[in-house]
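Below is one structure, written out as C-alpha cells; the observations come after it.
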Amino acid sequence: MNGYIRELWASRELLANLTMREIKGRYRRTILGQLWSLINPLATMLVYTIVFSFLFRTAPPVGSPSGIESYPLFLLCGLLPWTFFSTTVISSITSVVEGESLIKKVYFPRLNLPLAAAGSAGFTWLIEMGLLAVVLLFFGAWTIPWLPLLLLFMLLQTMLASGIGMMLAILNVHFRDAQHFVAIALQLGLYLTPILYPITLVQQLAADRGHWVVDVFELNPMEHFVAVFRSLLYDNRWPTAVDSLWCVGSAVVLFAVGSIVFVRNERNLGRLL
Amino acid sequence: MSAPAVTVDNVSVRFRLYHERNNSLKSAVMRGRRSVHEDFEALHNVSLEIPAGSTFGIVGRNGAGKSTLLKCIARILYPDSGRIVTRGRMASMLELGSGFHPELSGRENVYLNGSILGMSRRTVAAKFDEIVSFAGVGKFIDQPIKNYSSGMYVRLGFAVAINVDPDILVVDEILAVGDAAFAEKSRQKFVELKAAGTTIVMVTHAISNIRQMCDSAAWIDSGRLVSIGDSNRIADEYTAAVGLGDDQQQR
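Protein chains in written order, with the working numbering: chain A, 238 to 510; chain B, 15 to 265.
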C-alpha cells in the first residue's frame, strides 16, 4: 500500500493532465465553451423553480440569520452539490470503461482515472459555488466568512462521491448494467434528498406517519451535506454538529473503502476490460 | 554483466474463454454465479533473463503468447503464477499516441501523452522542439490532432515515446511507422538508445530486425519457451522450423 501511495504521488502530473484533458475536451467546438458549465445548472434551476415554486407553491424557508427568502437561491444551495455528486459518481464509473485503451496499453496507477473524473467535475463545481456565493452576497447573505468552511465541506463531499464512484467503477467492469442502474438511482436520489423542498416538509410528514420517515431520510449522507451547505451559504450560521459529523464520517469511510476496493482490483483491469 | 534488467521467473498466464459469460446482472442472477468457460494457457512456466543494456527480441507465430509476455513485463497484465522483476525505470511502446484526445492540439497532446508515459512536464518542455522536429509535423503542432493524417499521428506518438529515456523500453511491433525515411530515422534512434545503455525488449515478426538489432532472442510457441540464446541462432532455428526464408517472414 505504501508503495502504491508513493507511485500515485509520483504520477500527480498525470492526474493534472488527465483532469485538464477532461475539462478542455468537454466543450471544444462549442461557441459558448466553458460557459455551458454554468448554463446547464441555471437552466435546471429555472425548470425546477417554475415547477416547484410557481406551480406547487413550495415556500422556501427564511434564512436565519441571513434573512433571505428566495426559492431559486435556496434550491441552488442544494442542487449544485447534488449535480456535482451525481456527475462525479457517473463519470468515475465510466472513466474506467472509457479508459480501456489506455489501461490495456500503458502502465500507470489506475486510480488516476476516477480521480481525474472527480477533478474535472470538481473544477466546474468550484466555479459554480463561487458564483453562487457572490450572488448570495448581492442578495444580502454575508457569505464571505463561511468560505473556508465551505471549501472544507466541498472537499469532503468530493471524497464521498469519488469513494462511491470508485467502488461502483469496479462493479461496472464486471457488470455493465451497473452504470445504467446507478443513473436511475441517482435520479431517484435527487427527489429523496431534500433539495427541491425543505426538510421541514419531511418533518411534517413524519408528524403523521411516525418519526421513522425522518430517520430514513437522514441515513442519506447527501442529506447532511445539503444541510451543511445551506447553513453556510443560505443561513450563514454554523452547521449542526450532527450534520458535520455525518459528513466527515461518511466521506472518510467511503473514500477509504472505495480506494481500497479499487486498488485491490486494479491489477485485474487489464484482463477484464 | 551486472544484475539482469528483467527477470521472468516461471510465469504462467491463463485466460478464461467464456462460452456464456455473466456480464449482465440478469445472466448472473438467472444462472447463479456459474458462468461457462474454459481456461486457455497463454503462457506456461516461462522463465528468462534479459541482461541490462542488451536488446532482446521475442519471436513466434501469431497467438504464441509474445504480446502477453510483453504485457506482463510492462505491468499491464499480472501473471497467475510466477513473478517478474524489473530493475530500472520502464516505458512501454505497445501503442503510439496513447490517450491522444482528438480535439486537443498536437502541443497539448504531447504533454498529455508524455505524462501518461511517465515524463514530467519539465522533461517534455525541454525535449519539445526535438519531439516536434523528429515527428516532422511542423506548423500542424498547434492544430487539433483530429486534422492530422494517420502518418503524422503515429509519427508524433512515436516521437514522444522514443524521448521517454527509460532504462528499459518495451516495444511491440511498431518499428515500421511512417514512410521509409521515417522508418530509417527511428531505427537510428534505437541505435542511439542502445548505445546509451537502454535495455530494449521487442516483439517483432520481421526476422531481419532480430538479426540486425537484437543481441539475443527468445522463440515462443503455444505459450512455451522453445529456445533462447544468440539472436542469429534463434532466427535460424525459427525460420527453419516455420519453413520460410527471412523475406517471407517480413510482414
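Backbone N, C-alpha and C define an ideal beta-carbon position, used for all residues, glycine too.
Residue i (DSSP reduced to helix, strand or coil)
{"i": "residue 27 (chain B)", "result": "strand"}
{"i": "residue 471 (chain A)", "result": "helix"}
{"i": "residue 499 (chain A)", "result": "helix"}
{"i": "residue 146 (chain B)", "result": "helix"}
{"i": "residue 68 (chain B)", "result": "coil"}
{"i": "residue 430 (chain A)", "result": "coil"}
{"i": "residue 158 (chain B)", "result": "strand"}
{"i": "residue 97 (chain B)", "result": "strand"}
{"i": "residue 238 (chain B)", "result": "strand"}
{"i": "residue 277 (chain A)", "result": "helix"}
{"i": "residue 448 (chain A)", "result": "coil"}
{"i": "residue 54 (chain B)", "result": "strand"}
{"i": "residue 84 (chain B)", "result": "helix"}
{"i": "residue 301 (chain A)", "result": "coil"}
Terminal residues of the alpha helix (DSSP H) in which residue i lies
{"i": "residue 13 (chain B)", "result": "The structure shown does not extend to residue 13 (chain B), since chain B is modelled only from 15 to 265, so the question has no answer here."}
{"i": "residue 460 (chain A)", "result": "458-466"}
{"i": "residue 391 (chain A)", "result": "384-411"}
{"i": "residue 253 (chain B)", "result": "245-256"}
{"i": "residue 166 (chain B)", "result": "164-176"}
{"i": "residue 366 (chain A)", "result": "349-375"}
{"i": "residue 332 (chain A)", "result": "308-335"}
{"i": "residue 221 (chain B)", "result": "221-227"}
Interface flag, residue i vs chain A, CB-CB below 8 Å
{"i": "residue 126 (chain B)", "result": "yes"}
{"i": "residue 91 (chain B)", "result": "yes"}
{"i": "residue 83 (chain B)", "result": "no"}
{"i": "residue 88 (chain B)", "result": "yes"}
{"i": "residue 118 (chain B)", "result": "yes"}
{"i": "residue 265 (chain B)", "result": "A caution first: residue 265 (chain B) carries a pLDDT of 41, below 50, which makes its placement in the model unreliable, though a value can still be read off. No, its Cβ sits nowhere closer than 8 Å to a Cβ of chain A."}
Min CB distance residue i to chain B below 8 Å
{"i": "residue 270 (chain A)", "result": "no"}
{"i": "residue 419 (chain A)", "result": "no"}
{"i": "residue 498 (chain A)", "result": "no"}
{"i": "residue 191 (chain A)", "result": "With chain A running from 238 to 510 in the structure shown, residue 191 (chain A) is simply not present."}
{"i": "residue 375 (chain A)", "result": "no"}
{"i": "residue 343 (chain A)", "result": "yes"}
{"i": "residue 240 (chain A)", "result": "no"}
{"i": "residue 507 (chain A)", "result": "yes"}
{"i": "residue 501 (chain A)", "result": "no"}
{"i": "residue 504 (chain A)", "result": "yes"}
Boundaries (first-last residue) of the beta strand (DSSP E) holding residue i
{"i": "residue 233 (chain B)", "result": "230-235"}
{"i": "residue 213 (chain B)", "result": "213-217"}
{"i": "residue 242 (chain A)", "result": "It is not in any beta strand (DSSP E) - residue 242 (chain A) instead sits in the alpha helix (DSSP H) that spans 239-247."}
{"i": "residue 133 (chain B)", "result": "Careful: residue 133 (chain B) lies outside any beta strand (DSSP E) and carries neither H nor E."}
{"i": "residue 106 (chain B)", "result": "104-107"}
**Request:** With 9 Å as the C-beta to C-beta threshold (strictly closer), list the residues of the region 240-254 of chain B near chain A in chain order.
**Result:** none
**Prompt:** Name the residues in the region 98-116 of chain B whose C-beta lies less than 8 Å from a C-beta of chain A; which are they?
**Reply:** 104, 106, 108, 109, 112, 113, 115
**Request:** Identify each residue in the region 125-149 of chain B for which the Cβ-Cβ distance to at least one residue of chain A is less than 8 Å, and report them in chain order.
**Result:** 125, 126, 129, 130, 131, 132, 134, 135
**Message:** Which residues of the region 157-183 of chain B have a Cβ closer than 9 Å to any Cβ of chain A? Give them in chain order.
**Reply:** 158
**Message:** For the region 248-265 of chain A, list every residue whose C-beta sits within 7 Å of some C-beta in chain B, in sequence order.
**Reply:** 250, 251, 254, 258, 261, 262, 265
**Request:** Count the C-beta pairs between the region 390-400 of chain A and the region 476-495 of chain A that are closer than 8 Å, then say yes if the count reaches three, no if not.
**Result:** yes
**Prompt:** Can at least three beta-carbon pairs, one atom from the region 80-89 of chain B and one from the region 159-170 of chain B, be found at a separation below 8 Å?
**Reply:** no
**Request:** Pull out every residue of the region 311-339 of chain A whose Cβ sits closer than 8 Å to any Cβ of chain B, in chain order.
**Result:** 338, 339
**Asked** Are the region 122-137 of chain B and the region 269-286 of chain A in contact at 8 Å, needing three or more beta carbon pairs?
**Response** no
**Prompt:** Counting Cβ pairs, one atom from each stretch, are 3 or more of them under 8 Å apart for the region 316-335 of chain A and the region 420-435 of chain A?
**Reply:** The region 316-335 of chain A is in contact with the region 420-435 of chain A.
**Message:** Using 8 Å as the cut-off, can you tell me whether the region 46-66 of chain B makes contact with the region 21-30 of chain B, which would need three or more C-beta pairs spanning the two stretches below that distance?
**Reply:** yes
**Given 8 Å, three or more beta-carbon pairs between the region 437-444 of chain A and the region 357-369 of chain A** = no
**Prompt:** Does the region 238-254 of chain B come close enough to the region 98-114 of chain B to have 3 or more Cβ pairs within less than 8 Å?
**Reply:** no
**Asked** Quick check: the region 219-234 of chain B against the region 65-80 of chain B, are there 3 or more CB pairs under 8 Å?
**Response** yes
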